[in-house]
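Each residue of the sequence shown is one higher than the one before, counting from 1 in full-length UniProt numbering. Even glycine gets a Cβ: it sits at the ideal position worked out from N, Cα and C. Note that the structure is a prediction, hence the values are computed from the model and not measured. What follows is a single structure, written as structure tokens, with notes after it.
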Amino acid sequence: MDTITGTLVWYYAVCPRECWLMAHEICPDEDNQLLDLGRLLHEESYKREDKEFSAPGMRIDILRTSSPGEELVVCEVKKSIRFLKPAKMQLCFYLWKLKQQGVNAKGELLVPKKKKRIPVELTPALETELERIMSRIEKLVAEPKPPPVVKSKFCRRCAYREFCYA
1 MDTITGTLVW YYAVCPRECW LMAHEICPDE DNQLLDLGRL LHEESYKRED
51 KEFSAPGMRI DILRTSSPGE ELVVCEVKKS IRFLKPAKMQ LCFYLWKLKQ
101 QGVNAKGELL VPKKKKRIPV ELTPALETEL ERIMSRIEKL VAEPKPPPVV
151 KSKFCRRCAY REFCYA
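Here it is as structure tokens:
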């Protein structure tokens, strides 16, 4: 499961086709304004925090401790709560990866526009769900073609829209 990343977990939870496209390094429409907005949000929000911690399969937005000597807190910054479940699974993936390396951590989803901080813990139930998702991603990525288009409410603003509806 080394090829799976937190980003792929997020994409899979939104749209398996989008996950397949990303896994096969097919770039989304870079002119999509939502991608630019997301980049700007990451740059401008939480300026006093240390940002962008990278490790295999992980690109963590913010990594901190709640207070000296306390447990590590992994934070994922999101534009809105619209994709709350995918964001939660992405954050659970990071917590799971850290747990595999002997690091216990808690998570927080940060939504600066709404001034929300949503705590996330890797429970046994979420861990089971995550392992099921990772297994499905492995099978999906091994396929020679992307899965068929399944129209959803997220398609309208998707940066991969032209790959499905051109």
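Starting from I118, follow the beta strand (DSSP E) in both directions and report where the run begins and ends. 116-120 is the span of the beta strand (DSSP E), which, as asked, contains I118.
How many Å lie between Y164 and R157 at the Cα? Reading off the sequence shown, one finds Cys at residue 164, where the question assumed Tyr. Rounded to the nearest angstrom, the two C-alpha atoms are 12 Å apart.
Quick check on the burial criterion: 16 or more other C-beta atoms within 10 angstroms. Buried or exposed for residue 178? Missing from the structure shown is residue 178; the chain here goes from 1 to 166 and no further.
Check the DSSP bridge columns for R64 and list the partner residues they point to. In DSSP, R64 forms a bridge with V73.
How close, in whole Å, do the beta carbons of L109 and K88 come, if the pair is a contact with beta carbons under 8 Å? Right, their Cβ atoms sit about 7 Å apart.
Could you check how far apart the C-beta atoms of V120 and G107 are, in whole angstroms? I think they sit under 8 Å. Contact flag correct, Cβ pair sits at about 4 Å.
Within 8 Å, strictly: CB atoms of L72 and A105: In this structure, L72 lies near A105, with their beta-carbon atoms less than 8 Å apart.
Give the range of the beta strand (DSSP E) segment to which G57 is assigned. Element bounds for G57: n/a, residue is neither H nor E.
With distances taken between CB atoms, is the gap from V9 to I133 smaller than 8 Å? Closer than 8 Å, so yes.
Assigned exposure category for Q100 - 16 Cβ within 10 Å defines buried: Counting every other CB atom within 10 Å of its CB across the protein chains shown gives Q100 a total below 16, marking it as exposed.
Where the alpha helix (DSSP H) containing E143 begins and where it ends: Taken as a continuous stretch (DSSP letters only), E143 belongs to no alpha helix (DSSP H), as it is neither H nor E.
Taking buried to mean at least 16 other C-beta atoms within 10 Å of its own C-beta, is P147 buried or exposed? The residue in question, P147, is exposed, as its Cβ has fewer than 16 Cβ neighbours within 10 Å.
Could you spell out where the beta strand (DSSP E) holding V111 opens and where it closes? Note, V111: beta strand (DSSP E), 105-111.
The alpha helix (DSSP H) enclosing C164, as first and last residue numbers: Following the DSSP letters along the chain, one finds C164 inside the alpha helix (DSSP H) bounded by residues 161-165.
What is the rounded straight-line gap between the Cα of L130 and the Cα of F93? Each residue's alpha carbon lies about 7 Å from the other.
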